Amino acid sequence: MADEPRTESALPLERIPFMQRLLDNPFMLLFIGVVVPTVVYILWGVMEITQIPLAK
Amino acid sequence: MTDAAIPANVLGTLAAKFRTCPATGLKVDLAAERLIKANAVAAVVFLMIGGIFGLLVALTRWPAVHLLSSDMFYLVLTAHGLDVLLLWIIFFEIAILYFASAIILSSRIAAPRWGWVAFALMIIGGVMTNIAVLQGDSSVMFTSYPPLKAQPHFYLGLILFAVGALIGCFIFLGTLVIAKEERTYEGSIPLVTFGALTACIIAVFTIASGAIILIPTFLWSVGYISHIDTLTYKLVWWGMGHSSQQINVSAHVAIWYLIGAVTVGAKPLSEKVSRGAFLLYIFFLQLASAHHLLVEPGLSSEWKIVNTSYMMYLAVLGSMVHGMTVPGSIEAAQRKNGYTHGVFEWLRKAPWGNPAFAGMFLSLVMFGFLGGISGVILGTEQLNIMMHNTIYVPGHFHATVVTGTTLAFMAVTYLVVPLIFQRQIIWPKLARLQPYLFGLGAAGISVFMMGAGTLGVARRHWDITFPASDVMLPHGYPPMASLMMGLNGLSAILAATGGALYIAITVGSILFGKKVDASNAAASLGPMPKKIVRDAVTKYGDAGTWHLPGTYVLVALFFTTFVLYYFVNWKYLSELWPMQ
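Those sequence lines, one after another, are chains A and B.
Sequential numbering of the first sequence, starting at 21, is according to my numbering.
Sequential numbering of the second sequence, starting at 821, is according to my numbering.
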């Protein structure tokens, strides 16, 4: 394998930066945009409400 | 028919039909165009209905007029909130989603028949909820907090409307997938489409929150559930109620970029920075919902402060980035157009006679100075206590939703009518006046309500005079509060005049406007210094300059106002509870 000439298709592709890949992926953005408020706002809030002691 | 004969835009047996826009050269999917028209017309109808209700609310809250009885006041207030905060805005936003995907990307729209199902659900839901309110047994206001109980069809209508809007969001996402598969654009989606994507993502969270809380509330109203916990309702409902206004913010910022691009050829100063600002919205903007719960004793300070003072500020950072890059991109384009003298020639010679540009710039300035700054005040736990549940809160959201979103949507209508309805704007001189009339009135509403709220005037209250004959503990606000509410009423009349003019011009143009064709397409978009409108909207790319002295002066003015107002409110707070 040592001295085989490299074809154009075998050249490494330019790596796309992580942020670019994130911004170009609408479904990953949708996932983040739903999960963050669901966890930080709704689930955390509901957990706090469930811990309020009931009046006797 | 052989495979080779099947055009690329055929899905199954359905072929998309396109026309070419004479002004922009974009391919316009006729199915998308029909859906945009239907949603935009429905939006304007609900704006008209909700606007009339709004004027009645303002005339009742004007102590010297006090128009409606208390029963009618709460009925009308409920209908006003429903029609303008939800129906007008979301119908228009669905039209924007279809425009920003199918039209800007020159793609066929995904599943147009589902688009009509979505539209029908939204119409049925909107009408059903309006009927419930007008019947008089559902005056629970927009928030509909339990234990206030509306008729079941009030909640059912909202649920149907939400399901329709959710289908619209998925049609938008599907259209993005089709456009990418069929390579109707190169590289990343344009910035305007990315802004619409941000709005769509926030809409999915918003609608999901609405479904989570409105479905059990509907079951409670028909008797299948015995109890709805009021605090849980408030928490989840505001995930819908406030986030629905964050859809607006993302959508109207996308429109600012769109109008800047079309009217003066503005390119973003930095695509990366603007996309980063939208990303901050996706992460953090919905969390501002928590500011409605800042005085709830059942939720911890940690939850309140993380959701508002920490994470909301990151979303505010996003807005401040847009607040600089939108005028900055306009300045860069205007300087390229030849307006290079001094610091502000680019602004003085901007196309102020074009209602699209004038409405957009007024929306930008007033959203930032009035809505943005007051939003940070309300999101600060300590300061919020002074204004919570006062009329300052409607003052704030009229600054964001009316001077910000509604004015931006009105502005883009002056482009949508010639581009999509293919009709010229009738009464161009009145159209030039309209954004100023509406903007001035809406700004007055916001400022005077916030002024009255600072003096302690309660929101949602039929009568602020509290006569001794009616209440056990008579209370009087300072005379200045009555003056503020009177000025609010006058401003509402001005805004209603501007709103009526918008509806007359829009409907009149669609029905009687001269047909747009290749010979008059560019002129139909109004006076502009630059006539090439396609590339700035549809292509990825930066303005390529940071020489923006005028924008830096405007930004410095904004920060000075922000800091001064912030500290003035801390001063008020120190006087409210003086330390001995």
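Even for Gly, the Cβ is constructed at its ideal location relative to N, Cα and C.
Keep in mind it's a predicted model, so treat the numbers as computed, not measured.
- For Thr1026 of chain B, the enclosing alpha helix (DSSP H) stretches over residues Leu1011 to Ser1041.
- A distance below 6 Å between beta-carbons, with the five flanking residues on each side excluded, links Ala922 of chain B to the following residues of its chain, in chain order: Asp849, Ala852, Ile929 and Thr995.
- Judged by DSSP in its simplified three-state form, Arg1279 of chain B adopts coil rather than helix or strand.
- By the CB criterion at 8 Å, Gly1296 of chain B and His1072 of chain B fall outside the cutoff.
- Taken in chain order, the members of the stretch 1011-1039 of chain B whose beta-carbon sits within less than 9 Å of a beta-carbon on chain A are Phe1014, Leu1017, Thr1018, Cys1020, Ile1021, Ile1022, Val1024, Phe1025, Ala1028, Ser1029 and Ile1032.
- B:Gly1318 is the residue among B:Val1277, B:Gly1061, B:Phe1241 and B:Gly1318 whose C-alpha sits nearest the C-alpha of Ala1262 of chain B.
- Secondary structure note for Phe1103 of chain B: its alpha helix (DSSP H) is the uninterrupted segment Glu1091 to Phe1104.
- Taking CB atoms only, Leu49 of chain A has a neighbour in chain B less than 8 Å away.
- Under DSSP, Val848 of chain B forms a beta bridge with B:Arg839.
- At a cut-off of 8 Å, the C-beta of Ile36 of chain A has no neighbouring C-beta in chain B.
- CA-CA distance, Leu1368 of chain B to Ala1152 of chain B, rounds to 7 Å.
- Shown here, Arg928 of chain B sits in coil according to DSSP, grouped into three states, outside any helix or strand.
- Here the alpha carbons of Tyr965 of chain B and Gly1199 of chain B stand approximately 21 Å from one another.
- Taking the Cβ atoms as the reference, Asn1209 of chain B lies roughly 7 Å from Ala1278 of chain B, within the contact range of under 8 Å.
- Closer than 8 Å to the CB of Gln1106 of chain B there is at least one CB belonging to chain A.
- Within its own chain, the residues whose Cβ lies closer than 6 Å to the Cβ of Pro1214 of chain B, once the five positions on either side in sequence are excluded, are Met1269 and Arg1279, listed in chain order.
- In this structure, DSSP gives Arg1003 of chain B a state outside helix and strand, which the three-state scheme calls coil.
- Boundaries of the alpha helix (DSSP H) harbouring Asn1308 of chain B: Pro1299 to Phe1332, taken from the DSSP string.
- At the C-beta level, Thr1145 of chain B and Pro1238 of chain B stay beyond 8 Å of one another.
- Residues Ala1262 of the same chain have their beta carbon placed closer than 6 Å to that of Val1222 of chain B, with the five preceding and five following residues left out of the count.
- In this structure Glu1001 of chain B is exposed. Its beta-carbon is surrounded by fewer than 16 other beta-carbon atoms within 10 angstroms.
- A contact is defined here as three or more CB-CB pairs under 8 Å, and the stretch 1016-1024 of chain B fails this definition with respect to the stretch 940-949 of chain B.
- Here Lys1359 of chain B carries a coil assignment [DSSP, helix/strand/coil].
- Not a single C-beta of chain A is nearer than 8 Å to the C-beta of Arg854 of chain B.
- In this structure the stretch 984-991 of chain B touches the stretch 931-942 of chain B; the number of beta carbon pairs closer than 8 Å is three or more.
- Take Ile36 of chain A, set aside five residues on each side of it, and no residue of its chain has a beta-carbon closer than 7 Å to its own.
- Not one beta carbon of chain A lies nearer than 8 Å to the beta carbon of Ala1315 of chain B.
- Distance from the CA atom of Gly1370 of chain B to the CA atom of Val1163 of chain B, rounded to whole angstroms, is 5 Å.
- The shortest C-alpha to C-alpha distance from Leu1250 of chain B to any of B:Lys1359, B:Tyr1212, B:Leu1321 and B:Gly1138 is the one to B:Leu1321.
- Within the same chain, Cβ atoms closer than 6 Å to the Cβ of Phe866 of chain B are found at Asp903, Leu907 and Trp908, the five residues on either side in sequence being excluded.
- Between Met1207 of chain B and Gly1271 of chain B the beta-carbon gap is near 11 Å, outside 8 Å, which marks them as no contact.
- Between the alpha carbons of Pro57 of chain A and Met1060 of chain B lies a distance of about 11 Å.
- In the DSSP assignment, Tyr1385 of chain B falls within the alpha helix (DSSP H) that extends over Pro1369 to Leu1396.
- By the neighbour-count definition (other C-beta atoms within 10 Å, threshold 16), Asn45 of chain A is an exposed residue.
- Chain B places no beta carbon closer than 8 Å to that of Leu74 of chain A, leaving this residue out of the contacts.
- Bridge partners of Arg1243 of chain B according to DSSP: B:Lys1335.
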